[in-house]
Amino acid sequence: MTRILLLGGTTEASALARTLAEADADAVFSYAGRTAKPVSQPLPTRVGGFGGAEGLAAYLGDEGITHVVDATHPFAAQMSTNAVQACTTAGVALCGYERPPWQAGAGDEWLHATSIDAAVDALPDSPARVFLAIGKQNLSQFAVKPQHHYLLRLVDQPDAPLPLPQTMVEIARGPFDVAGDTSLMQRHAITHVVAKNAGGTGAHAKLTAARNLNLPVIMIGRPELSAKAGQRPVLGSVEEVMAWLSHRSD
Ligand code: 3Y8
Ligand code: NAP
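Residue numbering for the sequence shown follows this note's numbering, starting at 46 and increasing by one per position.
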């Protein structure tokens, strides 16, 4: 009997949830609980951490989960690592479902940064106006360059003082569009964009807007999953995941 745990939090995870719901699959959608009101899903949904890999392994056993689809964001490296460990312990099938990284195209001016700190180093010393479109978990690393004016796009109003002296906060959840991101960046006279290489369609608009406005993008590459986590098969479409689920259910 197939029972699926879908580790979500991305546009792709939401698309897969719709397909699983339409197929009347026995599946549970899982959010970390990072945002106040996550988008509701057409599947039974749980919110919050599991308590590390051990907690996840126990959950898999208690809930009789037979398959885990890790459709978390490519920067959610801890969750993906825990899923590999827990599924090995619990003897549960696991696949990753993720979108390929964005690639620079004609007209793009990208500076590649291998980490958040490398992105900070890539910012100029003279004051700039930076669209820091990386959310809120890594803002404190930019505090070493307080001379810049930062435009922050966050999902929820910050509940604590921000670690940067000059900020303008835009509250928005995405998916975003080119017209909206272009006018946002013009309104704030942005000179630099900092982005995580999320891939997918939900947050690509800012890159097209930057190209149209001839602005440089500091593109932060995805964290390398530990070798262990790399051992799971990674699929790239809803169809592939559905085929994997039916094949692994034989
Ligand atoms: C809680 C669920 C959907 C999913 C939408 C995608 C698209 C918009 C791109 C920008 C970049 C950013 C951020 C972003 C993207 C989609 C997708 C994606 C980037 C929600 C969601 C949750 C989160 C968590 C949140 C992080 C933050 C990151 C904002 C829901 C909306 C910047 C990542 O306040 C916080 O602590 C927010 C934390 C992790 C990164 C960070 O470090 O701050 N996502 N994002 C998920 C959970 O609890 O499990 O609230 O509805 C989901 C989406 N975020 O179905 O439409 O698929 O990529 N999310 C980044 O890529 O840099 C926005 O502004 O241009
Ligand atoms: P992370 O750093 O990899 O994970 C930290 C801890 O959060 C995990 O160990 C786990 O807690 C919990 N967690 C993460 N994802 C979870 C999920 N889907 N369901 C239940 N628990 C989860 O994760 P993150 O980068 O903070 O991302 C959190 C969520 O936001 C994920 O769903 C991710 O898809 C989404 N998201 C993240 C980004 C990003 O930039 N990081 C962008 C868009 C969306 P326990 O150890 O207690 O189990």
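Built from N, CA and C at the ideal position, the CB exists for glycine as well.
| said: At the level of alpha carbons, what is the spacing between Gly93 and Ala81? | reply: Position 48 of the sequence shown, counting from 1, holds the residue named residue 93. Position 36 of the sequence shown, counting from 1, holds the residue named residue 81. Approximately 12 Å between the Cα atoms of the pair.
| task | Could you check if Gln276 is buried or exposed, using at least 16 other CB atoms within 10 Å of its CB as the buried criterion? | result | As a first step, residue 276 must be located in the sequence shown, where it is residue number 231. Under this definition Gln276 is an exposed residue.
| said: Taking 7 Å as the cut-off, is the beta-carbon of Gly96 closer than that to any non-hydrogen atom of the ligand NAP? | reply: What you label residue 96 is simply residue 51 of the sequence shown in a count that begins at 1. Yes; taking the cut-off as 7 Å, the Cβ of Gly96 has a heavy atom of the ligand NAP nearer than that.
| From the DSSP output, which residues share a beta bridge with Arg91? | Within the sequence shown, numbered from 1, the residue matching residue 91 stands at position 46. Answer is Ser75.
| query | Would you report the Cα separation of Cys140 and Ala128, rounded to the nearest angstrom? | reply | The residue given as residue 140 occupies position 95 in the sequence shown. The residue given as residue 128 occupies position 83 in the sequence shown. Each residue's Cα considered, the two are about 9 Å apart.
| message | Does the beta-carbon of Ile120, which I'm using as the reference point, lie nearer than 7 Å to any heavy atom of the ligand NAP? | response | In the sequence shown, the residue the question calls residue 120 occupies position 75. The amino acid occupying residue 120 in the given sequence is Phe; Ile does not appear at that position. For the ligand NAP, at least one heavy atom lies less than 7 Å from the Cβ of Phe120.
| request: Compute the minimum distance between the beta carbon of Asn242 and the heavy atoms of the ligand NAP, and state whether it is under 7 Å. | output: Here residue 242 is taken as the residue at index 197 of the sequence shown, counted from 1. For the ligand NAP, not one heavy atom lies less than 7 Å from the Cβ of Asn242.
| field | Unbroken beta strand (DSSP E) run spanning Thr212, endpoints | value | Numbered from its first residue, the sequence shown carries residue 212 at position 167. Unbroken beta strand (DSSP E) run through Thr212: Thr212 to Ile216.
| field | Cβ-Cβ distance between Leu51 and Ala135 below 8 Å | value | The residue given as residue 51 occupies position 6 in the sequence shown. The residue given as residue 135 occupies position 90 in the sequence shown. Result no, Cβ atoms of Leu51 and Ala135 do not sit closer than 8 Å.
| In whole angstroms, what separates the C-alpha of Asp201 from that of Leu65? | Residue numbering aside, residue 201 sits at position 156 when the sequence shown is read from its first letter. Residue numbering aside, residue 65 sits at position 20 when the sequence shown is read from its first letter. Cα to Cα, the separation comes out at about 29 Å.
| Nearest-angstrom Cα separation, counted from Trp147 out to Ala234 | As a first step, residue 234 is located in the sequence shown; it is residue number 189 there, counting from the start. As a first step, residue 147 is located in the sequence shown; it is residue number 102 there, counting from the start. If I take the Cα positions, the gap works out to 25 Å.
| Smallest Cα separation from Lys190: which of Met230, Tyr104, Val175 and Ala217? | In the sequence shown, counting from the first residue as 1, residue 190 sits at position 145. Comparing Cα positions, the closest option is Val175.
| request: Check whether the Cβ atoms of Ala62 and Gly54 lie closer than 8 Å to each other. | output: Here residue 62 refers to the residue found at position 17 of the sequence shown. Here residue 54 refers to the residue found at position 9 of the sequence shown. It is not a contact, given that the beta carbons lie outside the stated cut-off.
| Complete alpha helix (DSSP H) runs within the segment 132-220 (minimum length 4 residues, chain order) | 161-167
| query | Among the residues of its own chain, which have a CB less than 7 Å from the CB of Asn257, if the five just before and after it don't count? | reply | Here residue 257 refers to the residue found at position 212 when the sequence shown is read from its first residue. Around Asn257: Thr227.
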